[in-house]
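Quick notes on the structure that follows.
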Amino acid sequence: MENFCAVMFFISLIAIVYFAIRWIINHFIKNGVNKPYKKYTFISLIAAVLFLTVGNIASPTHRSSADQTSTSSRISSKHKKKNASNESKRKASISKANSIKEKESSESALSSSKKQSEAESSSIAKASSESLVASSSSAKKASETSKTDNASYTQNGGWTTAASGMVFVSDSNKYYTSVKNPGNYQYMTQSAADNSGAKPAPRGNQYARP
Numbered sequence: 105m106e107n108f109c110a111v112m113f114f115i116s117l118i119a120i121v122y123f124a125i126r127w128i129i130n131h132f133i134k135n136g137v138n139k140p141y142k143k144y145t146f147i148s149l150i151a152a153v154l155f156l157t158v159g160n161i162a163s164p165t166h167r168s169s170a171d172q173t174s175t176s177s178r179i180s181s182k183h184k185k186k187n188a189s190n191e192s193k194r195k196a197s198i199s200k201a202n203s204i205k206e207k208e209s210s211e212s213a214l215s216s217s218k219k220q221s222e223a224e225s226s227s228i229a230k231a232s233s234e235s236l237v238a239s240s241s242s243a244k245k246a247s248e249t250s251k252t253d254n255a256s257y258t259q260n261g262g263w264t265t266a267a268s269g270m271v272f273v274s275d276s277n278k279y280y281t282s283v284k285n286p287g288n289y290q291y292m293t294q295s296a297a298d299n300s301g302a303k304p305a306p307r308g309n310q311y312a313r314p
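In this note's numbering, the protein residues as written are 105 to 314.
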């Protein structure tokens, strides 16, 4: 529309110049106004003004409309890109947060399991150590007792006689003062034997004597 108005405006200007020149020539040569040329000149002038006005009106409107459309399009495109970028960033942030939470949860579970395992191992090691210490202490005590016991009783021939105040306690809870195999008996004081519920043997046999 703008181009068409511009072309018609220039054509109208050419027509104005042409008819104006012809009208001036006729006016000075014949000493009068040639009405047809005068009429055409006015028509050309009106047409030029009309096309110029229409062109000026249509052109800004068209430009404004096009600019507005282009601006709206650019703004819409920018908004879409911005929204897409924000959405992408938001999704990436959510994904990263979820990943960090999962990692922390896994590390927490692993740490808890490791601590529990270490605590169990420590407890087992401690119990084992205490058991070994107890066994060692018991063995040491038994060894010391055995040494003391061996030093306490005396042997005469095939018989082993307990020291004064000491007795040999059998598995049947009977105690003797002389036995042939002291390893089959518990060697303790008579008062300790009485306190444990042992009784003096009523009679002897070929292996033990009261």
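Every residue gets a Cβ at the ideal spot worked out from N, C-alpha and C, and that includes glycine. These numbers were taken from a predicted model, which means no experiment stands behind them.
Self-check item: Contact set for K294: own chain, Cβ-Cβ below 8 Å, skip 5 residues either direction
Solution: Note on residue identity: the sequence assigns Gln, not Lys, to residue 294. Within the same chain, Q294 has close Cβ partners G269, M270, V271, Y279.
Self-check item: For S295, three-class secondary structure by DSSP
Solution: helix
Exercise. Determine the contact status of K284 and G262, defining contact as a CB-CB distance below 9 Å.
Key: yes
Quiz item: Taking the C-alpha atoms as reference points, what is the distance between V137 and A119?
Solution: Because V137 carries a pLDDT of 49, less than 50, the predicted location of this residue cannot be relied on, and the following value inherits that uncertainty. Their backbone Cα atoms lie some 18 Å apart in a straight line.
Quiz item: So, helix, strand or coil for R313, using DSSP?
Solution: strand
Practice problem: Output the residue ranges of the beta strand (DSSP E) runs that lie fully inside the stretch 180–225 and measure 3 residues or longer, sorted by chain position. | Solution: none
Exercise. Kindly identify the DSSP beta-bridge partner or partners of S282.
Key: T265, R313
Exercise. Rank G287, S232, Y289, S282 by C-alpha distance to the C-alpha of Q310 and give the top, closest one.
Key: S282
Quiz item: Counting contacts by CB-CB distance shorter than 9 Å, is S212 in contact with chain C?
Solution: This model lacks chain C altogether, as it is built from one protein chain only.
Quiz item: Under a Cβ-count criterion, where at least 16 other Cβ atoms within 10 Å of its own Cβ denotes burial, should A152 be classed as buried or exposed?
Solution: buried
Quiz item: Considering only C-alpha positions, which residue in the set S199, D275, K184 is nearest to A297?
Solution: D275
Practice problem: Could you name the residues that DSSP lists as bridge partners for K303? | Solution: K278
Practice problem: Could you tell me how far apart the beta carbons of L149 and F113 are, in whole angstroms, since I believe they sit closer than 8 Å? | Solution: Not really, about 12 Å apart at Cβ, beyond 8 Å.
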